[in-house]
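Note sheet for the following structure.
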Amino acid sequence: DVKVTQSSRYLVKRTGEKVFLECVQDMDHENMFWYRQDPGLGLRLIYFSYDVKMKEKGDIPEGYSVSREKKERFSLILESASTNQTSMYLCASSQSNQPQHFGDGTRLSIL
Amino acid sequence: ELKVEQNPLFLSMQEGKNYTIYCNYSTTSDRLYWYRQDPGKSLESLFVLLSNGAVKQEGRLMASLDTKARLSTLHITAAVHDLSATYFCAVDNQGGSEKLVFGKGTKLTVNP
């Protein structure tokens, strides 16, 4: 079974902090994704990556950056956290033309 | 820009009843996914629909795809409480980028 592991289930940070969310997958998938999930808005794509060191902006990239130095790891970075970035963050991975497999999510609170 | 609309967004039904969730999308696509999310949990893949007329069934859930109408349905037969969850459809955004656009989800509650 595919395993997508997010480093934290719950995280509390302060406004202005730099925040790192980590995601690791164990199935050698090419593609990795970061979403945020908010009530009433569904899942919105922040960034995705289809290869090491490659990244593309999703629908809401502002205020975020990503890093993919190794195939199995995809990091989401909040450069200067703000309260409107309080959300559930979901990481996913996939092989081309296959369903995405999701991690358990990180519930991030910015105070 | 691809838009995906699900309806209803909330659905409360009694055990034993049938119902259908609809997923409309705005531009051509030939790949559609259905996911399930239980409260506090992550998304689990249910179905992948790859071509016009595709039908997939698993237990009390059946999904179909009409690419000409840009419509997918998720039909629930004789609902049971265990089906209570939020169901999302997601449509491939074409262009070979692997991007999916998700609907807002349908929160299904099955009452005893």
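If you read the protein sequences in the order shown, they are chains V and S. Taking my numbering, the leading residue of the first sequence gets 1, the next gets one more, and so forth. Taking my numbering, the leading residue of the second sequence gets 1001, the next gets one more, and so forth. Here a beta-carbon is modelled for each residue, glycine too, at the ideal position from N, C-alpha and C.
Beta strand (DSSP E) segments (min. 3 residues) lying fully within the region 1028 to 1070 of chain S: 1032 to 1037, 1043 to 1049, 1055 to 1058, 1061 to 1066
Run of the beta strand (DSSP E) containing E116 (chain V), from where it starts to where it stops: Shown here, chain V extends from 1 to 111; a query on residue 116 (chain V) therefore has no answer.
Where do the ends of the beta strand (DSSP E) carrying G42 (chain V) lie? Stepping through the first sequence from its first residue, residue 42 (chain V) is reached at position 42. That run of the beta strand (DSSP E) goes 42 to 49.
DSSP-derived helix/strand/coil call for H1081 (chain S): Numbered from 1 along the second sequence, position 81 holds the residue referred to as residue 1081 (chain S). Residue state, collapsed to three classes: helix.
Counted within 10 angstroms of its Cβ, other Cβ atoms place R68 (chain V) as buried (16 or more) or exposed: Within the first sequence, the letter at position 68 stands for residue 68 (chain V). Buried, since its Cβ has 16 or more Cβ neighbours within 10 Å.
May I have the straight-line CA-CA distance separating A81 (chain V) from L111 (chain V), to the nearest angstrom? In the first sequence, residue 81 (chain V) corresponds to position 81, counting from 1. In the first sequence, residue 111 (chain V) corresponds to position 111, counting from 1. Distance between the alpha carbons of A81 (chain V) and L111 (chain V): 9 Å.
Rounded C-alpha distance that separates V1048 (chain S) from E79 (chain V): By 1-based counting over the second sequence, the position of residue 1048 (chain S) is 48. By 1-based counting over the first sequence, the position of residue 79 (chain V) is 79. So the alpha carbons of these two residues sit roughly 36 Å apart.
Is the Cβ of E1098 (chain S) closer than 8 Å to any Cβ of chain V? Mapped onto the second sequence, residue 1098 (chain S) falls at position 98. By this cut-off, E1098 (chain S) is an interface position.
Neighbour list for G1059 (chain S) in chain V, Cβ cutoff strictly below 7 Å: Here residue 1059 (chain S) refers to the residue found at position 59 when the second sequence is read from its first residue. Per Cβ cutoff of 7 Å: no residues; G1059 (chain S) is ~18 Å from chain V at best.
Between V:F48, V:M54, V:K71, V:K53, which lies nearest to I60 (chain V) when the distance is taken from Cα to Cα? Taking the first sequence and counting its residues from 1, one reaches residue 60 (chain V) at position 60. When each option's Cα is compared against that of I60 (chain V), the closest is V:F48.
Could you tell me which chain V residues have their CB closer than 8 Å to the CB of Y1025 (chain S), listed as they occur along the chain? What you label residue 1025 (chain S) is simply residue 25 of the second sequence in a count that begins at 1. By Cβ distance, chain V contributes nothing, its closest Cβ being about 13 Å from Y1025 (chain S), past 8 Å.
Supposed contact pair D1082 (chain S) and S1051 (chain S) - C-beta distance, whole angstroms, cut 8 Å: Position 51 of the second sequence holds residue 1051 (chain S). Position 82 of the second sequence holds residue 1082 (chain S). Not a contact, Cβ separation roughly 30 Å.
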